[in-house]
Each structure stands twice: as C-alpha cells, then as structure tokens.
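Chemist: Sharing a structure, written as structure tokens. Questions coming.
Residue numbers (my numbering): 220 to 367.
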C-alpha cells in the first residue's frame with residue numbers, strides 16, 4: 220500500500236479518523252447581585268461619576284504631562300545629535316527620561332488620591348484631600364485583610 224493510500228491514524232494512533240473537536244459547554248456566571256443588600260453594598264462602594272471625572276482630569280495632567288516629557292527627551296536628544304548641535308550621552312537621555320517616567324507614575328497615584336469625594340470640587344492641588352483619601356485607603360486595606 221502506498222503512503223497516500225494508508226488510512227489516517229489520527230492523534231491517538233488507532234485507525235480512526237479524527238473529527239472536528241467537540242465544543243464544550245461553558246457556564247458563564249453573571250455578576251448580578253444575589254440579593255438587594257449585596258446590590259446596595261456594591262452601589263455604595265462604587266466611585267461616583269463626579270469623583271471619577273475629577274480623578275481622570277488630575278491623572279491626565281499629573282501623569283500625562285511627565286510621560287509626554289519623558290518621551291520628548293528622546294526626541295530632543297535625537298534632534299540635538301542629528302543636527303550636530305551637541306553630543307548627548309545615552310545614559311543622560313535614559314536617566315532624564317526615567318526621572319520623568321517616575322514622576323508620571325507618582326502623578327498617577329497622587330491624581331487618584333487627591334480627588335475630592337465631596338460634591339464641591341475641592342482645592343486645585345488637593346493636598347487636604349490626599350491625606351483623607353490615603354487614610355480611607357489604609358482603612359479599606361485593613362478591612363479587606365481582616366476578611367470583612
């Protein structure tokens with residue numbers, strides 16, 4: 220019998236042909252609350268829209284600006300070197316951009332923690348809100364560690 224005429228042995232090594240794979244039923248869980256108390260607790264823990272909008276604005280400013288500056292350092296360094304204005308060592312470019320990336324990371328955290336949870340927008344820098352929100356974060360972490 221030639222090689223083309225031999226029956227396919229499939230993956231199992233038996234003489235059976237391999238058919239299409241079976242589809243397995245996937246049971247999807249819904250994330251709907253089981254009772255009204257759980258639904259109410261979930262609604263209480265959600266971040267209100269006006270607070271989320273404040274957080275986004277602060278994060279965009281305090282994290283976005285340093286991140287753009289970090290990327291701009293690479294562009295500026297390239298422009299300076301390609302035009303022959305000055306020689307910029309690669310370690311300087313990486314170091315300065317790294318500082319801006321770290322500032323962006325800190326700005327991300329500060330932007331979230333300095334947003335006012337009150338209806339009033341709060342101050343421009345949010346220094347007084349930062350302390351209060353940091354205490355709230357610590358308290359919620361302690362509560363989660365205790366399991367309640």
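Note that CB positions come from ideal geometry on N, CA and C, so glycine has one too. Nothing here was measured: the structure is a model prediction, and the numbers come from that model.
Keeping to the same chain, check which residues put their C-beta closer than 7 Å to that of residue 348; ignore five residues upstream and five downstream.
Modeler: 333, 334, 335 and 341
Chemist: By DSSP, does residue 306 sit in helix, in strand, or in coil?
Modeler: coil
Chemist: Is residue 291 buried or exposed, if buried means 16 or more other CB atoms sit within 10 Å of its CB?
Modeler: exposed
Chemist: Can you tell me whether residue 285 is helix, strand or coil according to DSSP?
Modeler: helix
Chemist: I need the straight-line Cα distance from residue 306 to residue 284, nearest angstrom please.
Modeler: 26 Å
Chemist: Do you know offhand how far residue 363's Cα is from residue 295's?
Modeler: 46 Å
Chemist: Rounded to the nearest angstrom, what separates residue 269 and residue 337 at their Cα positions?
Modeler: 9 Å
Chemist: Just how far apart, CA to CA, sit residue 308 and residue 297?
Modeler: 11 Å
Chemist: Between 323, 366 and 293, which lies nearest to residue 277 when the distance is taken from Cα to Cα?
Modeler: 323
Chemist: Taking Cβ positions, are residue 316 and residue 289 nearer each other than 8 Å?
Modeler: yes
Chemist: Using DSSP with H/G/I as helix, E/B as strand and the rest coil, what is residue 344?
Modeler: coil
Chemist: Going by beta-carbon coordinates alone, are residue 281 and residue 326 separated by less than 8 Å?
Modeler: yes
Chemist: Write down the C-beta distance between residue 274 and residue 330 rounded to the nearest angstrom, noting that I regard them as a contact closer than 8 Å.
Modeler: Rounded, the Cβ-Cβ distance is 6 Å, consistent with contact.
Chemist: Taking the C-alpha atoms as reference points, what is the distance between residue 312 and residue 303?
Modeler: 16 Å
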